[in-house]
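Note sheet for the following structure.
Number of protein chains: 2
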Amino acid sequence: MTRNGAPTRQRILDGAERLVLEYGLGATTVDAILRETNSSKGAFFHHFPSKNHLARALVERYATADLSLLEGHLAQAREVSDDPAIQMVTFLRLFEESADEIVAQHPSCLYVTYMFDKDLFDDGTNDVILRTLTTWRERLVETLHRAAQAHPPRSPVDLDAVADHVVTTFEGAFILTRAMNDSSLMRRQLGIVRHYLAMLFDVPVDPASAQST
Amino acid sequence: MTRNGAPTRQRILDGAERLVLEYGLGATTVDAILRETNSSKGAFFHHFPSKNHLARALVERYATADLSLLEGHLAQAREVSDDPAIQMVTFLRLFEESADEIVAQHPSCLYVTYMFDKDLFDDGTNDVILRTLTTWRERLVETLHRAAQAHPPRSPVDLDAVADHVVTTFEGAFILTRAMNDSSLMRRQLGIVRHYLAMLFDVPVDPASAQST
DNA sequence: CTATAATCAGACCAACTAGTCGGTCTCTAG
DNA sequence: CTAGAGACCGACTAGTTGGTCTGATTATAG
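Read top to bottom, the protein sequences are chains A and B. Positions in the first sequence are counted from 1; adding 13 to them yields the numbering used here. Positions in the second sequence are counted from 1; adding 13 to them yields the numbering used here.
So this is what it looks like as structure tokens:
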């Protein structure tokens with residue numbers, strides 16, 4: 014029909030994500046995105062009716078990639094062992110192995126940056142975040158529940174809270190990584206959670222190291 | 014000498030803290046603080062040369078109260094038992110007991126809100142946060158180290174990371190509380206950390222419930 | 001070839017922001 | 001009593017922000 018606008022849209026999304034992860038949504042101005050991506054006002058507002066719409070598109074893309082990573086590592090953990098407890102430990106180990114790289118590429122989590130700019134976008138955007146976090150909880154609780162049946166915890170524990178603790182650790186570690194400027198913090202914090210799960214289900218902390226893809 | 018300006022300064026600090034904890038530093042305008050505190054531009058810039066200076070004063074006051082709470086609960090835990098492992102478990106329990114109240118009064122942690130407004134204040138402000146978080150780590154590592162001597166962990170563990178994990182959980186829980194709008198999350202997440210510490214040192218999860226002040 | 005719709009460019013605008021400044025009020029030292 | 005200094009007031013300003021608008025430039029359908 015006309016010339017292809019998809020690459021421009023992509024370029025804007027990529028640059029915007031970089032800036033938002035670094036400076037937050039509110040502190041990232043449209044003009045800054047234009048500079049970062051060599052775009053123009055016209056191009057920006059052609060592809061995104063408003064900054065809200067960009068924010069929405071950003072988080073939707075981010076959430077999709079996030080859930081894809083979740084499912085990918087769950088699947089990979091299932092290949093390592095049939096024991097759901099060992100799967101959980103392996104799952105954490107997989108994230109640990111890529112933790113340094115993740116922190117290097119993403120100076121924060123998009124969900125965190127959105128928390129204090131709630132008036133900069135509509136409720137639908139919030140729902141995307143909520144649904145994603147809820148999916149994490151549900152998928153992990155599922156595995157945790159099966160693990161607890163095979164390996165009864167030494168003392169009763171709230172498995173929902175354990176599932177949330179994985180996400181809590183991720184978000185908290187992103188914050189502390191920034192605050193203390195310590196790039197090893199993410200990896201080590203995930204290590205603590207892995208250690209916790211291994212003790213909880215009484216399985217080896219380091220079950221025949223998982224091969225990466 | 015002249016009429017007393019301290020109450021005005023206090024009122025501005027209180028109102029500003031409320032707004033910053035709710036909306037973040039960048040999203041909190043000086044005018045909004047004036048409305049919130051029934052103050053005037055003149056009063057504000059008389060007490061604080063700039064918004065940066067307010068941010069600095071805010072975080073210094075916050076950090077002082079934060080460290081005071083840390084030391085207070087550590088002292089209280091020492092009264093309950095001489096065993097450092099039980100002290101750690103008690104320490105977490107003390108925070109759990111006030112978790113619901115804390116979340117109700119503080120919709121977030123000031124350190125978190127500052128992370129994405131680093132260009133809104135000078136490096137000194139950042140140092141205040143860094144020093145506070147480092148103090149948490151040092152004080153907890155100290156106790157953890159003594160605990161590990163009396164109760165050797167069932168598998169080797171990075172005690173520095175365990176100390177940081179307490180702080181990580183706090184910050185992460187603040188984020189998730191907002192994201193998922195779940196006021197019980199903080200308490201339950203702290204419960205997981207307590208459960209972890211109890212398993213780590215093989216002490217009761219619930220050592221003769223600690224009396225509050 | 002031409003009409004037409006999507007794509008992009010950038011000058012422009014109204015609202016908002018941190019900070020200024022001249023002036024007023026109030027207390028207390030001497 | 002009074003002079004001066006600290007405390008406060010609010011209109012004003014220079015710069016920034018998200019968003020608009022007029023046009024120019026493609027690429028393809030017919």
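Glycine included, every Cβ here is placed at the ideal spot set by N, Cα and C.
Once you ignore the five residues that flank residue i on each side, which residues in its own chain have a CB closer than 8 Å to its CB?
{"i": "L191 of chain B", "result": "This sequence places Arg at residue 191 of chain B; Leu is not what is there. Result list for R191 of chain B: P120 and S121, in chain order."}
{"i": "E185 of chain A", "result": "A small correction: the amino acid at residue 185 of chain A is Gly; Glu does not occupy that position in the sequence shown. The answer, listed in chain order, is Q202."}
{"i": "S196 of chain A", "result": "D113, V116, A117 and T190"}
{"i": "E84 of chain B", "result": "R152"}
{"i": "L87 of chain B", "result": "Q100, F104, R152 and T156"}
{"i": "V179 of chain A", "result": "L105, W149, L153 and V206"}
{"i": "P220 of chain A", "result": "V93, S94, I99, V102 and T103"}
{"i": "N65 of chain B", "result": "L133, F134, D135 and T138"}
Assuming residue i and residue j form a contact by the criterion Cβ under 8 Å, report the distance between their Cβ atoms to the nearest whole angstrom.
{"i": "T103 of chain A", "j": "S111 of chain A", "result": "With 8 Å as the limit, T103 of chain A and S111 of chain A do not qualify as a contact, their Cβ atoms being about 13 Å apart."}
{"i": "T156 of chain A", "j": "Q89 of chain A", "result": "The Cβ separation is near 13 Å, so there is no contact."}
{"i": "L198 of chain B", "j": "L189 of chain B", "result": "5 Å"}
{"i": "L105 of chain A", "j": "R207 of chain A", "result": "4 Å"}
{"i": "P97 of chain B", "j": "R159 of chain B", "result": "4 Å"}
{"i": "V175 of chain A", "j": "I205 of chain B", "result": "6 Å"}
{"i": "V141 of chain A", "j": "A76 of chain A", "result": "5 Å"}
{"i": "E49 of chain B", "j": "L32 of chain B", "result": "6 Å"}
{"i": "T182 of chain B", "j": "T181 of chain A", "result": "6 Å"}
Sort the options by Cα distance to residue i and report the nearest one.
{"i": "S259 of chain B", "options": "B:A68, B:D27 and B:A40", "result": "Beyond the ends of chain B as shown, which are 14 and 226, falls residue 259 of chain B; an answer cannot be given."}
{"i": "V170 of chain B", "options": "A:K54, A:V218 and A:V170", "result": "A:V218"}
{"i": "Q162 of chain A", "options": "A:E73, A:P220 and A:D215", "result": "A:D215"}
{"i": "H164 of chain A", "options": "A:V180, A:T182, A:L213 and A:L133", "result": "A:L213"}
{"i": "F134 of chain A", "options": "A:E84, A:L153 and A:G39", "result": "A:G39"}
{"i": "N139 of chain B", "options": "A:H86, A:R16, A:R91 and A:N194", "result": "A:N194"}
{"i": "E73 of chain B", "options": "B:L143, B:F129 and B:N17", "result": "B:L143"}
{"i": "F187 of chain B", "options": "A:R200, A:F129 and A:V141", "result": "A:F129"}
{"i": "R200 of chain B", "options": "A:P220, A:F183 and A:D177", "result": "A:D177"}
{"i": "L82 of chain A", "options": "A:P20, A:F108, A:R22 and A:K64", "result": "A:F108"}
{"i": "K131 of chain A", "options": "B:T15, B:G37, B:E30 and B:R16", "result": "B:G37"}
Counting C-beta neighbours from all protein chains within 10 Å, is the total for residue i 16 or more, i.e. buried, or is it exposed?
{"i": "E151 of chain A", "result": "exposed"}
{"i": "G137 of chain B", "result": "exposed"}
{"i": "Q224 of chain B", "result": "In this prediction, Q224 of chain B has a pLDDT of 46, which is less than 50 and means its spatial position is unreliable; nothing more can be read from the coordinates."}
{"i": "A68 of chain B", "result": "buried"}
{"i": "A117 of chain A", "result": "exposed"}
{"i": "G18 of chain B", "result": "exposed"}
{"i": "A78 of chain B", "result": "exposed"}
{"i": "E92 of chain B", "result": "exposed"}
{"i": "E30 of chain A", "result": "buried"}
Given residue i, which residues of its chain have a CB within under 7 Å of its CB, disregarding the five upstream and five downstream residues?
{"i": "D34 of chain B", "result": "The residue asked about is misnamed: residue 34 of chain B is Leu in this sequence, not Asp. Contacts found: H119, P120, S121, L123 and T126."}
{"i": "L80 of chain B", "result": "T145 and T148"}
{"i": "L47 of chain A", "result": "S53, K54 and F57"}
{"i": "H60 of chain B", "result": "G18, T21, R22 and I25"}
{"i": "L172 of chain A", "result": "V154, L157, H158 and A161"}
With a threshold of 6 Å on Cβ separation, who are the neighbours of residue i within its own chain once the five nearest residues in sequence on each side are excluded?
{"i": "T226 of chain A", "result": "The predicted model places T226 of chain A with a pLDDT of 42, which falls under 50 and marks its position as unreliable; any figure quoted below should be read in that light. Closer than 6 Å at Cβ, skipping near neighbours: no residue."}
{"i": "T15 of chain B", "result": "none"}
Chain B contacts from the region 111-135 of chain A (Cβ-Cβ distance under 9 Å): Going along the region 111-135 of chain A in chain order, one finds S121, C122, Y124, V125, T126, Y127, M128, F129, D130, K131, D132 and L133 with a Cβ nearer than 9 Å to chain B.
Proximal residues, the region 173-189 of chain B versus chain A, C-beta separation under 9 Å: Result list: D173, A174, V175, D177, H178, V180, T181, T182, F183, E184, G185, A186, F187, I188 and L189.
Taking a cut of 8 Å between CB atoms, which residues from the region 26-58 of chain A lie near chain B? Those residues of the region 26-58 of chain A placed with their C-beta closer than 8 Å to a C-beta in chain B are Y36, G37, G39 and A40, ordered along the chain.
Any C-beta of chain A within less than 8 Å: which residues of the region 85-102 of chain B qualify? Of all residues in the region 85-102 of chain B, none has a Cβ within less than 8 Å of some Cβ in chain A.
Taking Cβ-Cβ distances below 7 Å as the criterion, which residues of the region 138-164 of chain A are in contact with chain B? Those residues of the region 138-164 of chain A that come within reach of chain B (Cβ to Cβ, closer than 7 Å) are I142, L143 and L146.
Using Cβ-Cβ distances below 7 Å, what residues of the region 188-205 of chain B are close to chain A? Flagged, chain order: I188, L189, R191, A192, M193, L198, R201, Q202, G204 and I205.
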